[in-house]
Amino acid sequence: MVKSNLINYSSFSKSPIIAALDIGSSKICCLIAKIDKNETLSIIGAGFQESKGLVSGVITDMIALENSIRNCVASAEKMASVRIKNIIVGFSSDNINIENLNIEIDLKGAVIGQRDLNRAYNFLSEKHDMGNRSILHVIPFQYSIDGNKGVKNPIGMIGDKLGVEISIISSDSNTLKNLENVVKHCDLEIDEIVYTPYASGISLLSEEEKELGVALIDMGSTLTTVSIFYNGSILYTKSIPLGGNMVTNDVSRIFSLSFANAERIKIINGQLIEELENSLSTIEVDTLGEDNESIEITRKDLISVIKPRIFEIVNTINDIIIDSKYNNIIANRVVITGGASQMEGLLDFTSKVFGKKARLAKSIQINALPENMKSPSFSAISSMVKYSITKNNDINMKLTKKNNNSDSIYAYVQKFKNWFIENF
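As structure tokens, this is what we get:
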């Protein structure tokens, strides 16, 4: 795994400010942080707002989404007493792809230099066409010399063949252009658009987990994402339009409750393990209609509605992991996060379906992070702030472009070469 420098303070003011925006389907979150020269983060502003105009990572109403973003950022700015202009944006969608590319060039026993690396990157730019997709991240995975993998820095070594393995995370270009436009309409300049599950993996997983192989499962309201990390890098990701809202809809439909009331009942009383002593205890709820009629439902009845949908979601996730061909790499390492991960009994339930030991992701420790944003529901925005100063082994390229040509793999390869020269 190739690592970049943590941060270059020469590019910051004396009191640098970092702003991050997570655009999700259920809520939009903004954090404004201050970082000192000891690399200590402190939150000075926070805001979150119900998300409108976005479904499963797809914009359905630009104006509604713009209003949600404006209100969210305004809340964070008011708390921080600052006006932000530049921001890092995180998002997830089911049209994200990861391509793992291998490049190999002949060396003929020569000492490897920067020119050889440039040849490898140029070969990549000539052979790989991105089509109508835009690149979010280019991540060097590893180098190999004469088939021997695991090389961190090949410069100065001797060999007959040099191999370079990289991962490219990309999205449909129009999806990103729409996202860029709606953020710019909020009078914000985008420093970088980040694939949220990638940032979450960097922040929530241990270094050992990322090296040995682990699956990170982010269970959101309308989207669940499986990301697989190995050898310190992300290798695979897939999102499905299944999430906690489906459970809420089931509860709402079966018991004739409003969505808001069903969500409240799910959060407070939802569980997957039926306890004999409590199975017949009742919950009083208000049904739909003008009469505000109240009914009583047993916990057993509530579990009977919740459990089949959770099983569907978890079983689909398990199928994704198996189909990814990385199942053996993961072994027993599964980490779960996201708002829908908080249901009582989910961890044991998931472990049984997977046949693997699972753990819940721990909350990210950031100074002055509001208490109500320390739950798994807000792990994505906390990860964004952490990512902004670490960025792990990503080449840290900005997405915003001035022309279409800069969307090409060639532009990224040129930046890749410059980045490598600067860091080695």
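Residues are numbered in this note's numbering as their position in the sequence shown, beginning at 1, plus a constant of 339.
Where a beta carbon is used, it is the ideal one built from N, C-alpha and C, also for glycine.
Source: prediction; values computed, not measured.
- With a threshold of 16 other beta carbon atoms within 10 Å, residue 691 falls short and is exposed.
- Residue 411: member of the alpha helix (DSSP H) spanning 401-419, first to last residue.
- Look at residue 383 here: in three-state DSSP terms it is strand.
- Measuring C-alpha to C-alpha distances from residue 574 to each of 477, 602, 434, 498 identifies 477 as the nearest.
- Taking residue 480 as reference, the option from 664, 572, 674 with the minimal CA-CA separation is 572.
- When secondary structure is reduced to three states using DSSP, residue 672 falls in the coil class, being assigned neither helix nor strand.
- DSSP places residue 645 in the helix class (H, G or I) of the three-state scheme.
- With a cutoff of 8 Å on beta-carbon distance, residue 727 and residue 427 are scored as near each other.
- Following the DSSP letters along the chain, one finds residue 361 inside the beta strand (DSSP E) bounded by residues 356-362.
- Taking C-alpha positions only, residue 712 is separated from residue 606 by approximately 16 Å.
- Annotated three-state conformation of residue 388 is strand, per DSSP.
- Comparing alpha carbon positions, the residue from 371, 394, 393, 392 closest to residue 386 is 371.
- In the DSSP assignment, residue 563 falls outside any alpha helix (DSSP H) and within the unbroken beta strand (DSSP E) covering 563-569.
- For residue 435, there is no enclosing beta strand (DSSP E), since its DSSP letter is neither H nor E.
- Residue environment analysis places residue 450 among the exposed positions, since fewer than 16 neighbouring C-beta atoms fall within 10 angstroms of its C-beta.
- Membership of residue 487 in the beta strand (DSSP E) is indicated by the continuous run 487-490.
- Distance from the CA atom of residue 666 to the CA atom of residue 414, rounded to whole angstroms, is 43 Å.
- 693 is the residue among 388, 693, 420 whose C-alpha sits nearest the C-alpha of residue 655.
- Sixteen is the threshold: when 16 or more other Cβ atoms of the shown chains lie within 10 Å of the Cβ of residue 388, as they do, the residue is buried.
- Counting only unbroken stretches of 3 or more residues, the beta strand (DSSP E) elements lying wholly within the segment 488-559 are 500-511, 528-534, 553-558, in sequence order.
- DSSP places residue 429 in the strand class (E or B) of the three-state scheme.
- DSSP, reduced to helix, strand and coil, places residue 729 within a helical segment of the structure shown.
- About 17 Å separates the CB atoms of residue 585 and residue 675; that is not less than 8 Å, and the two are not in contact.
- Only buried fits residue 564, as 16 or more other CB atoms lie within 10 angstroms of its CB.
- Within its own chain, the residues whose Cβ lies closer than 8 Å to the Cβ of residue 632, once the five positions on either side in sequence are excluded, are 625, 626, listed in chain order.
- Between residue 724 and residue 554, the C-beta gap is not smaller than 8 Å, which leaves the two residues out of contact.
- Note that the segment 371-384 touches the segment 700-709; at least 3 beta-carbon pairs, one per stretch, sit closer than 8 Å.
- Beta-bridge partners of residue 397 (DSSP): 394.
- Contact annotation, residue 396 with residue 403: C-beta distance approximately 15 Å; criterion of less than 8 Å not satisfied.
- Counted as a single uninterrupted DSSP element, the stretch harbouring residue 366 is not any alpha helix (DSSP H) but the beta strand (DSSP E) occupying residues 366-374.
- Contact check for residue 576 and residue 560: beta-carbon distance about 19 Å, past the 8 Å limit, so the pair fails to qualify.
- Rounded to whole angstroms, the separation of the alpha carbons of residue 622 and residue 635 is 5 Å.
- The distance from the Cβ of residue 684 to that of residue 593 is about 19 Å, inconsistent with a contact at the 8 Å cut-off.
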